[in-house]
Amino acid sequence: MKITRTKAFKVFFNPIWESNPISGQILGICSALAVTVQLKTAIVMGLALTFVLACSNLSISLIRKLIPRNIRIIVELTIIATLVIFADQVLKAFLYDISKQLSVFVGLIITNCIIMARAETYALGNPPLLSLLDGIGNGLGYSQILITVAVLRELLGAGKLFGFQVIPNAFYAAGYENMGFMVLAPGAFIAIGLIVWLQKTVSKE
Amino acid sequence: MSSHIKSILFAVVLSIVCGSLLTLASTGLREYQLRNIAFDKQKNILKSIGLIEDKKAPSLETVSGLYADHIKKMWIDFQGKLVPKEKKGENDLPVYLYVKQEKIQAYIIPVHSRGLWGKIAGYLAIKNDGTTISGFTVYSHQETPGLGGEIEKRWFQKNFADKKIMDDKGNFVSITIAKGAVQGRIPTSRHKNFVDGISGASMTGKFLSAGLKRTLIEYEPLSERFRKNEIK
Numbered sequence: 118m119k120i121t122r123t124k125a126f127k128v129f130f131n132p133i134w135e136s137n138p139i140s141g142q143i144l145g146i147c148s149a150l151a152v153t154v155q156l157k158t159a160i161v162m163g164l165a166l167t168f169v170l171a172c173s174n175l176s177i178s179l180i181r182k183l184i185p186r187n188i189r190i191i192v193e194l195t196i197i198a199t200l201v202i203f204a205d206q207v208l209k210a211f212l213y214d215i216s217k218q219l220s221v222f223v224g225l226i227i228t229n230c231i232i233m234a235r236a237e238t239y240a241l242g243n244p245p246l247l248s249l250l251d252g253i254g255n256g257l258g259y260s261q262i263l264i265t266v267a268v269l270r271e272l273l274g275a276g277k278l279f280g281f282q283v284i285p286n287a288f289y290a291a292g293y294e295n296m297g298f299m300v301l302a303p304g305a306f307i308a309i310g311l312i313v314w315l316q317k318t319v320s321k322e
Numbered sequence: 233m234s235s236h237i238k239s240i241l242f243a244v245v246l247s248i249v250c251g252s253l254l255t256l257a258s259t260g261l262r263e264y265q266l267r268n269i270a271f272d273k274q275k276n277i278l279k280s281i282g283l284i285e286d287k288k289a290p291s292l293e294t295v296s297g298l299y300a301d302h303i304k305k306m307w308i309d310f311q312g313k314l315v316p317k318e319k320k321g322e323n324d325l326p327v328y329l330y331v332k333q334e335k336i337q338a339y340i341i342p343v344h345s346r347g348l349w350g351k352i353a354g355y356l357a358i359k360n361d362g363t364t365i366s367g368f369t370v371y372s373h374q375e376t377p378g379l380g381g382e383i384e385k386r387w388f389q390k391n392f393a394d395k396k397i398m399d400d401k402g403n404f405v406s407i408t409i410a411k412g413a414v415q416g417r418i419p420t421s422r423h424k425n426f427v428d429g430i431s432g433a434s435m436t437g438k439f440l441s442a443g444l445k446r447t448l449i450e451y452e453p454l455s456e457r458f459r460k461n462e463i464k
C-alpha cells in the first residue's frame, strides 16, 4: 500500500489543506485576527497551539475509555487548561518579550474552538497515535494559515518581515506607501476571506 | 460502583494530577521568570530616560551595563531628602536616579496605578528641573489589547516627553491623559499638562491619570527640592 493511501497519512495531511481548521472549518478565527500583525508572534502562537492540541488529543485519547460520559467536557477542559497554562509559563520563562506581545491570547487558547472540536470529534473516538497525528496536523494547518496571513500583513502593512525592512527605501522615495489597513483587524479578516476563497476554488477539483 | 461515585473519583484524581503538574512547572520556571521580569524592569527604567531606543531589542549585557553605570536606587524620606538603603525608614519611597558625569540628570519614580481590569505598573522619569517629564513607560498591565492596552505602545508613551507637571503660574497640576486628542479639547496654555488619550479607553486614561497624580503628590517633596536646586 502506498504511504499516501494509509489512514495515518490522511489524518495528518487532510487538516493541513483540505479540511484546514481555519479555511475549511472556519474555527479559531478570533486569534487568527489578533496575533497576525507580525510574523514572529504568529509563528510562536502557531507552535503553542500545535503543542497544546497534540498533547491534549494524545492525553484525552489515552484515557478516552476511562472518562465518564457525563463529565467529559469538564475533563477535556481541565486537561486543555493545564496544557495552556503550562505553555504560557514556558513562554514567560524563555520568550518573555513575545509572551508580552501575545498577552492574553496564549491564555485564550483554552477557549479556541479548534482544540475542543478535535477533542470531542476525534480524540474521544480514536486510538492515541492517530489522535496525536490529527492534533499535529490540525495545529500545523492552523499555523500555516496564521503564517500566510502574517506574511501578507507584515509585508503590506509595515514593509517588513520578522521585523527587518524588506521593501527597499527607494520604493518609499518613489511614492510607495505602507497599507495601514493591513495592520488593523479588518485587514486580517479580508486576508482570511481571500484564503478561504482560494482554498475552496482549488480543492473543488 | 455507581456512575456518580466513579465520576467524582475521576474528577478528584484528574484535579490532583493536573494541579501537581502545574505546581511543578510554576516552581521550576519561577527563577527564569523572575529574572525576565527584573531585566524587563531595568529595560523600562532605561527607556523612560531615553537611554535605549524602543525599536531595537537590546541585549542583556547592554541593559545591565547601562543600568549599572547610570542608575542608582535611593529612597526619599517625608521631607524629600534622599537617603541610602541602609538608612531608609519604614515609610520612605524608592526612587531611581539617572547619574551622568557625577550629576543627577533625572529621577525616575515607580508608578503603581489602578487600571480598568487590574493594576498598571510603570516608571515616570522627570528631569532634574523637577518639572519636565523625560519619559513614561509601562511594564505590566491587564488592559484590553488594542484599547487600554495601547498604554504600553510607543505612540502613547512618547507623548509624555517634555510635558510639564507644573502650570504657567508655578502650581503643581500633575499630568493628565485627555479624553481623545489634546488638540482642540484643551486650552493651548495647558497643552503642556496633557497627553493624547486613547480612543475607546477613556476609563483606562482616567484611572491612570489619577494614579499618576497620586504618585506625583507623594513625590512632591522631592520634586520641590529639585525645583529649588537643592539637589545636585
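Residue numbers (the working numbering), protein chains in the order written: chain A, 118 to 322; chain B, 233 to 464. Think of the CB as a built atom: it goes at the ideal place given N, C-alpha and C, for glycine as much as any other residue. Model, not experiment: these values are computed from the prediction.
Classify residue i as helix, strand or coil using the three-state DSSP reduction.
i, result
"L348 of chain B", "coil"
"W134 of chain A", "coil"
"L325 of chain B", "strand"
"S366 of chain B", "strand"
"L356 of chain B", "strand"
"F310 of chain B", "coil"
"L379 of chain B", "coil"
"V405 of chain B", "coil"
"Q316 of chain A", "helix"
"L278 of chain A", "strand"
"Y289 of chain A", "helix"
"K319 of chain B", "helix"
"M398 of chain B", "strand"
"I190 of chain A", "helix"
"I143 of chain A", "coil"
"P453 of chain B", "helix"
"I418 of chain B", "coil"
"V427 of chain B", "strand"
"Q389 of chain B", "helix"
"V152 of chain A", "coil"
"A433 of chain B", "coil"
For a cutoff of 8 Å on Cβ pairs, would you count residue i as touching chain A?
i, result
"D272 of chain B", "yes"
"K238 of chain B", "yes"
"S235 of chain B", "yes"
"S296 of chain B", "no"
"Q265 of chain B", "yes"
"S258 of chain B", "yes"
"N276 of chain B", "no"
"G432 of chain B", "no"
"G347 of chain B", "no"
"P377 of chain B", "yes"
"L254 of chain B", "yes"
"L246 of chain B", "yes"
Thinking residue i and residue j are a contact (beta carbons under 8 Å), I'd like their distance in whole angstroms, please.
i, j, result
"L250 of chain A", "F129 of chain A", "4 Å"
"G252 of chain A", "R270 of chain A", "Rounded, the Cβ-Cβ distance is 27 Å, inconsistent with contact."
"V283 of chain A", "L273 of chain A", "With 8 Å as the limit, V283 of chain A and L273 of chain A do not qualify as a contact, their Cβ atoms being about 11 Å apart."
"T363 of chain B", "K396 of chain B", "5 Å"
"I229 of chain A", "G145 of chain A", "In the sequence as displayed, the identity of residue 229 of chain A is Asn instead of Ile. Their Cβ separation, rounded to whole angstroms, is 5 Å, which keeps N229 of chain A and G145 of chain A in contact under 8 Å."
"G258 of chain A", "P132 of chain A", "4 Å"
"A338 of chain B", "I281 of chain B", "5 Å"
"S333 of chain A", "S248 of chain A", "Here chain A comprises residues numbered 118 to 322, so residue 333 of chain A is not present and cannot be evaluated."
"Y239 of chain A", "N174 of chain A", "7 Å"
"I279 of chain B", "G354 of chain B", "The sequence given here places Lys at residue 279 of chain B; Ile does not occur at that position. Incorrect: roughly 10 Å between the Cβ atoms, too far for contact."
Mind listing the chain E neighbours of residue i? Cutoff is C-beta to C-beta under 8 Å, in chain order.
i, result
"L183 of chain A", "Among the chains of the structure shown, chain E does not appear; the protein chains present are A and B."
Restricting to Cα atoms, I'd like to know which of the options is closest to residue i.
i, options, result
"T265 of chain A", "A:S320, A:N131, A:G310 and A:I226", "A:G310"
"L283 of chain B", "B:A270, B:E384, B:I269 and B:A300", "B:A300"
"A267 of chain A", "A:L156, A:L208 and A:G224", "A:L156"
"F222 of chain A", "A:Y289, A:V300 and A:A159", "A:A159"
"F279 of chain A", "A:T238, A:V161, A:V207 and A:K217", "A:V161"
"H344 of chain B", "B:D309, B:I430, B:S441 and B:K385", "B:S441"
"A125 of chain A", "A:P285, A:F203 and A:N243", "A:N243"
"D428 of chain B", "B:H302, B:A393 and B:P453", "B:A393"
"W349 of chain B", "B:K460, B:K445, B:T376 and B:L356", "B:T376"
With 8 Å set as the bound, which would you pick, yes or no: does the beta-carbon of residue i sit closer than that to a beta-carbon of chain B?
i, result
"Q206 of chain A", "yes"
"I146 of chain A", "no"
"I202 of chain A", "yes"
"N137 of chain A", "no"
"Y289 of chain A", "no"
"V283 of chain A", "no"
"T195 of chain A", "yes"
"A210 of chain A", "yes"
"N229 of chain A", "no"
"I309 of chain A", "no"
"Y259 of chain A", "no"
"T153 of chain A", "no"
"T199 of chain A", "yes"
"I188 of chain A", "yes"
"S220 of chain A", "yes"
"V192 of chain A", "yes"
Residue ranges of each alpha helix (DSSP H) within the stretch 213–268 of chain A, 4 or longer:
As summarised for the stretch 213–268 of chain A, the continuous alpha helix (DSSP H) elements at least 4 residues long and confined to that stretch are 213–219, 221–224 and 230–238, given in chain order.
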